[in-house]
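Student: At position 6 of the sequence shown the residue is numbered 6 (full-length UniProt numbering), and the sequence of numbers has no breaks. All C-beta atoms in this analysis are idealised placements derived from N, C-alpha and C, irrespective of residue type, glycine included. Structure provided below as structure tokens; questions to follow.
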Amino acid sequence: GSLFEFMQLLTKDVNVDSKTMDNYLNGTSTLLAAAYIAVAFGGLSIIIGFCGCCGAIKENACMLIFYAVSISIILAAEIAGAIVAAVFKNQISKELKPRFITLEKNHFIPLNQTLSNESSTDVTITTYINYLQVSLECCGVNNQSDITGSDTKWSKSERYYNGLPQVMPVTCCKMKSTKNELLSKNDWKNSRDYLSDPTCPNTGMNSLTEGCYNKLEKTIDFYALPIIIVCVVVAVFEIFCVVIASCMVNKIRKDDGTHV
């Protein structure tokens, strides 16, 4: 969605390292393919589960063996997929984090300039970063210095807020609970009304200190935990089903006077 479009915009208008961008876009395609594969495995599991039920009801050893082998293959694929996803996540983080630090350093501009300038790459990137910082209540990729450091575009820009020199980005200041209204209305001209401390941009007091990268990771981990728990439960259940199916096959063969 919006993040993918943002990366496409950066590819077109900003001098982005082509190898990094190719890795990102390939990674996005890989994740999309993984999602389709997961859906396909889900549908396949239903069919296999039906075969397992029929095999159990009819005490058909062949159908139960097919069920046990198929579930084992799916389980192995799920484990392999989890390992690949973990490695892929680390690779993407390693390659993209420095790039986003560079983008923030070279393109993030003060709010007064985003309001006065026409649409540009700097304005677009700043808008995305502002939205992220307000949403996650964070500042900079690692910390405030990613923006306020002496060698950043923000620091080298002419910065004024309410007619006074500005020392802290507006979106690095703590907001009131009405911050979502600021984002939904895009009401940046009245940003002062949403600040917990209206003097924060001029004094740096009551500002946000946690970096957005760590905050984003925490947010992803928070939503990923229930999914991980469900996947573990499903995997345990699949192992249980394989064991039960194997036991039933042994019983059926013994009843038929044969041995495994």
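Run the CB neighbour count on Met168, radius 10 Å, all protein chains shown included, and call it buried at 16 or more, exposed below.
Tutor: The residue in question, Met168, is buried, as its Cβ has 16 or more Cβ neighbours within 10 Å.
Student: How many angstroms separate the CA atom of Ser191 from the CA atom of Ile147?
Tutor: Taking the straight line joining both Cα atoms gives about 19 Å.
Student: Between the alpha carbons of residue 284 and Arg159, how many angstroms are there, rounded?
Tutor: Nothing can be reported for residue 284, as the shown portion of the chain is limited to 1 through 260.
Student: Have a look at Ile229 and Thr209 and give me their C-alpha separation to the nearest angstrom.
Tutor: One C-alpha to the other measures close to 31 Å.
Student: Does DSSP put Pro169 in a helix, a strand or coil?
Tutor: Looking at Pro169 - three-state DSSP - the assignment turns out to be coil, as it is neither helix nor strand.
Student: What does Leu164 pair with, by DSSP beta-bridge criteria?
Tutor: Answer is Tyr161, bridged to Leu164.
Student: Could you tell me the alpha carbon to alpha carbon distance between Tyr128 and Ala61, rounded to whole angstroms?
Tutor: Distance between the alpha carbons of Tyr128 and Ala61: 59 Å.
Student: Report the three-state DSSP secondary structure of Ile177 (helix, strand or coil).
Tutor: Correcting the residue identity first, residue 177 is Ser in this sequence and not Ile. The answer is coil: DSSP assigns Ser177 none of H, G, I, E or B.
Student: If Ala235 and Leu75 are in contact, beta carbons under 8 Å, what's the gap, nearest whole angstrom?
Tutor: The Cβ separation is near 6 Å, so the contact holds.
Student: Does the structure place the region 129-145 close enough to the region 204-222 that three or more beta carbon pairs sit under 8 Å?
Tutor: Flag = yes, the region 204-222 and the region 129-145 touch.
Student: Decide if the region 75-87 is in contact with the region 119-134; the criterion is three or more beta carbon pairs, one per stretch, under 8 Å apart.
Tutor: Too few Cβ pairs lie closer than 8 Å, so no.
Student: Please state the DSSP three-state secondary structure of Leu208.
Tutor: Of the three classes helix, strand and coil, the one that applies to Leu208 here is coil, per DSSP.
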